[in-house]
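Quick note: the sequence shown uses this note's numbering, first residue 2, plus one each step.
Positions of the beta carbon are idealized from the N, C-alpha and C atoms, including for glycine.
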Amino acid sequence: MLELEGVDVFYGDLQALRGVSLRVESGEIVTLVGGNGAGKTTMLRTVSGLLRPRRGEIRFEGRRLDRLPPDRIVEAGVVQVPEGRKLFPSLTVRENLELGAYTRRSRPARARTLEDVMARFPILRERAAQRAGSLSGGEQQMCVIARALMARPSLLMLDEPSLGLAPMVVQEIFRIIREINARGVTVLLVEQNVRQALATSRRGYVLENGRIVLSGTGQELLESEQTLKAYLGR
């Protein structure tokens, strides 16, 4: 479904990604892990069209993405949930959700999709008329995931969805991710909770200093000595 081949990305003269190649097959949950500054968010932003690779190719369902602007990439079915939520705090929950359905592929089904996400996230139905900025951290994360689903993505990319949340809320966020995937949405996940993310994923990649240094099934990476030492404190 999604393929990166030999992708190099720079910020000015500073190289952030070095020959990154990975794939995400339809129906998978794939996790990308790595330390701070490894290039994880840079990779997601490059797939989304917010950054341009200097070398390499990005393909989605066989189509080149690295030549398209961000709105065309969303139209193609690739939607990113950014780190830090990025809601419109003065707008209501419902208004934030409706803003997610701005593409041609999502507008005709906006009312039906809104009902679906309200059913999937009952707390958002209860808070529909409330300003998004007044929601708790967990509720805001649910709202931003729901807003992304309003665009009817084929591939949902999540950047640190559990960051700053209480343990019980983290468990709920991962349950939601599994449920979204079970309903047919492919997921590419960047997550600081390495153990939980790899346990949820079919496959994973480890990114260090802008390079992919390790890949395998989620279980293989959980059992890898390199992963245990670097990310799980063992």
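Per the coordinates, the alpha-carbon of A133 lies some 13 Å from the alpha-carbon of E99.
The beta strand (DSSP E) runs lying completely inside the region 10-37 and spanning 3 residues or more are 15-25 and 30-34, given in chain order. Rounded to whole angstroms, the gap between the alpha carbons of M151 and L33 is 24 Å. Residue pairing by DSSP places Y206 opposite L33 and S216 in a beta bridge. Judged by DSSP in its simplified three-state form, R65 adopts strand. Counting along the chain, no alpha helix (DSSP H) covers V186, and no H or E run does either. Your pair L45 and Q81 checks out as a contact, with CB atoms roughly 6 Å apart and the cut at 8 Å. For the pair E76 and R113, the CB atoms are not nearer than the 8 Å cut-off.
The Cβ atoms of L156 and I178 lie no closer than 8 Å to each other.
In the assembly as shown, M169 is an exposed residue. Its beta-carbon has fewer than 16 other beta-carbons within 10 Å.
Under the DSSP assignment, M143 falls in the alpha helix (DSSP H) whose first and last residues are G138 to L150.
Cβ contact annotation for A129 (same chain, cutoff 6 Å, sequence separation greater than five): V94 and R95, in chain order. Taking A102 as the centre and dropping the five residues before and after it, the same chain places the C-beta of R108, R111, T114, M151 and A152 closer than 7 Å to its C-beta, in chain order.
The region 60-69 and the region 132-149 do not touch, with fewer than three beta-carbon pairs separated by less than 8 Å.
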